[in-house]
Structure formats: C-alpha cells, structure tokens
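**Q**
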Amino acid sequence: MIGRGAFNGCSTLRSVTVPSSVIKLGQTAFHGCKNLAEVVLLGGDILDRGLFSEEGALNKRFSEMICVNAFRDCPLTNIKISFPERMSRLPKKSRLSIKRRIRNLRRVELTQDGTILACFSVVRRPSGGIDFHDKKNQTAKSLHQVIRLISFHELKESSILIELAMWKSRFNEDRARADCRTSVPDPAKYLIMEYCGFIGFLQPAICLS
C-alpha cells in the first residue's frame, strides 16, 4: 500500500509506476503533485479475468484500489495498465506476434521499448476526486484482446513443454528419438487449458454496446 499523503506536494514527480504488489493507493497519496503526468499500474489483481466485461466493474475495482483523492490537484488525464511480467516470460517470437496484432487496437499504446499500455481516461469530480471513463468500453475490449493473445501464447508454450516432458519420459537410448515422441490428445489439452483457466480467453469475445 502507498499510504496517506506519501508523496503529497512532490512537485518533482513526473511519472509513477505502481508495482503489482501494491493493492491500495491511500488518501492524498499524490495530492498536489503538480507535474505528475503519467501513472502506470503493473497488472496484477486488477487484471483478474472478467474484470473488464463492463465499465461499472472497471470503476468498482479502480475505486477499491485508488482513493478518490489520491491524485487530487494533479494534471493527470489517464491511468495506464501494463503487464511486463507476463510478456517477458514469452519467447521473442511470441512477443513480436502479439505486438504486430495489437497495433490497431483502440486506446492501447506500444512504446519504443515494446511495453504495451492500456489507457483509461481520468474524469474529475466537482469535489476534486477522480473517476475512470472508458467510452463504449473501447479500452476494456482492447485490453481483453491483449490478454487473450498473451494467454494463447502462454498456453502454446505450456503445451510444448508438456509434450516435451512426455517425450522425455519415454526416452530410451536404444530407440530412435523420433519413435519416442508422444503427442498430447486434444481432449487432454482441453482439460489442461480448463484447469489453468485459459478456456474463457480462447472463446469468442462478446462486445458490449
């Protein structure tokens, strides 16, 4: 947790990256940070499956994590979400494939160093507090697509490892390596996907109007 008034009035603060281990931004945590223009949340619990099915759920989770006055009197116009840990675990080929497919997604930024950022607009309350706005769920839909792509490649890599493990378990020095290879039946792969929580990501997404 970043406690109450932790960076209150810190005029030199321009950008903040909040680790995934932080579950709460306290009251006035960044109050009066006049030059704070960028806040990036590293995806953790806030990226739970199903969170972005509707804007109300998004606002609820953000409100639970970020106190309304956490960014009072800051010039902040949006909050960004990133998930570098999941991306970094993928092979380079998979990362490049994901980046190519997300270039045209709305409200998603791809930085020069390859970081993927989903951007949610900040709306000011008359009292000075903030809410989060996602017009027609554009960011939520794009973020869901990104998570599905990452999950697909995670699953693909897991399947390769499973097949390799089964292959090694049958290895015998007296037999040709090709004869020792064992594939995983599709029903078994489906059960593995279901157990790991990947099924929902690979089903067609329903767009909300």
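Per the working numbering, the sequence shown runs over residues 945 to 1153.
Note that the Cβ used here is the ideal one computed from N, Cα and C, for glycine as well.
(1) Starting from the C-beta of Gln971, find all residues in its chain whose C-beta is less than 6 angstroms away, skip the five residues before and the five after it, and write them out in chain order.
(2) Straight-line CA distance for Glu1101 to Gly1058?
(3) With a threshold of 16 other CB atoms inside 10 Å of the CB of Lys933, please say whether the residue is buried or exposed.
(4) Do Ile1042 and His1077 have their C-beta atoms within less than 8 angstroms of each other?
(5) For Lys1024, is the classification buried or exposed, using 16 other Cβ atoms within 10 angstroms of its Cβ as the cut-off for buried?
(6) State the Cα-Cα distance for the pair Gly976 and Phe1015, rounded to the nearest angstrom.
(7) Assuming Ala981 and Ala950 are in contact, meaning their beta carbons sit under 8 angstroms apart, how far apart are those beta carbons, in whole angstroms?
(8) Taking only the alpha-carbon atoms, compute the straight-line gap between Thr1021 and Val1067 and give it to the nearest angstrom.
(9) For Gly1072 and Asp1017, what's the separation of their Cα atoms in angstroms?
(10) Is the Cβ-Cβ distance between Ser1026 and Val984 less than 8 angstroms?
(11) To the nearest angstrom, how far is the alpha carbon of Asn1081 from that of Ile946?
(12) What do you get for Ser1095, buried or exposed, if any count of 16 or more other CB atoms within 10 angstroms of its CB means buried?
**A** In short, the structure shows the following:
(1) Arg948, Cys1011, Asn1013
(2) 20 angstroms
(3) No statement about residue 933 is possible, as the shown extent of the chain runs from 945 to 1153 and does not include it.
(4) No, the pair does not count as a contact, with Cβ atoms beyond the cut-off.
(5) buried
(6) 7 angstroms
(7) That pair is no contact at about 18 angstroms.
(8) One C-alpha to the other measures close to 8 angstroms.
(9) 7 angstroms
(10) yes
(11) 28 angstroms
(12) Buried, because 16 or more other Cβ atoms sit within 10 Å of the Cβ of Ser1095.
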